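Since the structure comes first, as structure tokens, the remarks are kept for the end.
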Amino acid sequence: MMTLYSSRRSLNRVLSQCLSVGTLAALSLLLGFAPGLSERSHSIDFSSQAYAQSPFSSKDLSNFARAVLAMEPGRQAAYNEIKRIVGSPPNIACSQPNSLRSLPGNAQAIAINYCKQSQKIVESNGLSIGLFNQITVEAQKNSEVAAQIKNEMIRLQAQ
């Protein structure tokens, strides 16, 4: 019985310590923005604040926002399917193969398919995976970058 508890505990620990998919899920949660799920109203800040802190161009941030919006429906579907299989919300990072390998076979296939689709979406929106991940990390550290992305996502959805 100790082995079952230890392996279950180990699996839970691995799942909980992994970063979110291509860091996308974490970013969506960080921004408090899940398209189609949120009932609260969002407002766009049209003030003339300078975002001098951002190391990324407005085009990069716009491409990032487009990619996040395009990936979101697939992320939600994959997350729900994996959750149904594993029984608890897993955190998966496409850039961390161990987080994928720790999933049972069916869930692993869903995660791998999602990661491949996400990579295509990121690249079709004019970003490399490296740049996408850099922007994600910066948005987690820099509230101004996060606000720019959130505002761009809202602007894009309003079109």
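Residue 90 in my numbering sits at position 106 of the sequence shown, and the numbers go up by one each step. Glycine residues also receive a C-beta, built at the ideal position from the N, C-alpha and C atoms. Since this is a predicted model, take the numbers as computed values, not measurements.
{"Check": "Excluding the 5 residues flanking S127 on each side, which residues of the same chain have their C-beta closer than 6 Å to its C-beta?", "Outcome": "none"}
{"Check": "Considering just the uninterrupted stretch of the alpha helix (DSSP H) at S46, what are its terminal residues?", "Outcome": "42 to 70"}
{"Check": "Smallest Cα separation from I138: which of S38, P39, G89, R50?", "Outcome": "R50"}
{"Check": "If you run the structure through DSSP and keep just helix, strand and coil, what is C99?", "Outcome": "helix"}
{"Check": "So for I113, helix, strand or coil by DSSP?", "Outcome": "helix"}
{"Check": "Helix, strand or coil for L140? Go by DSSP, reduced to three states.", "Outcome": "helix"}
{"Check": "Looking at the unbroken alpha helix (DSSP H) that takes in N75, where does it start and where does it end?", "Outcome": "Unbroken run through N75: none, as it is neither H nor E."}
{"Check": "Is it right to say S46 is buried, meaning 16 or more other beta carbons lie within 10 angstroms of its own, or is it exposed?", "Outcome": "buried"}
{"Check": "Beta carbon of S44, beta carbon of L140: below 9 Å?", "Outcome": "Per the sequence presented here, residue 44 reads as Asp, with Ser not at that position. Not closer than 9 Å, so no."}
{"Check": "Helix, strand or coil for L84 per DSSP?", "Outcome": "helix"}
{"Check": "Would you call Q143 buried or exposed, if buried means 16 or more other Cβ atoms sit within 10 Å of its Cβ?", "Outcome": "exposed"}
{"Check": "Can you name, in chain order, every residue of its own chain whose Cβ lies under 8 Å from the Cβ of P88, other than the five neighbours on each side?", "Outcome": "I69, V70"}
{"Check": "Given that a residue counts as buried once 16 or more other Cβ atoms are within 10 Å of its Cβ, and exposed if not, what is E56?", "Outcome": "buried"}
{"Check": "Closer than 7 Å by C-beta to L84: which residues in its own chain qualify, once you throw out the five before and the five after it? Chain order, please.", "Outcome": "I76, Q92, A95, I96"}
{"Check": "Considering only residues of the same chain and omitting the five flanking positions on each side of V106, which have a CB-CB separation below 7 Å?", "Outcome": "A51, I113, F116"}
{"Check": "Using 8 Å for Cβ pairs, my map puts Q101 next to G58. What's the rounded Cβ distance?", "Outcome": "6 Å"}
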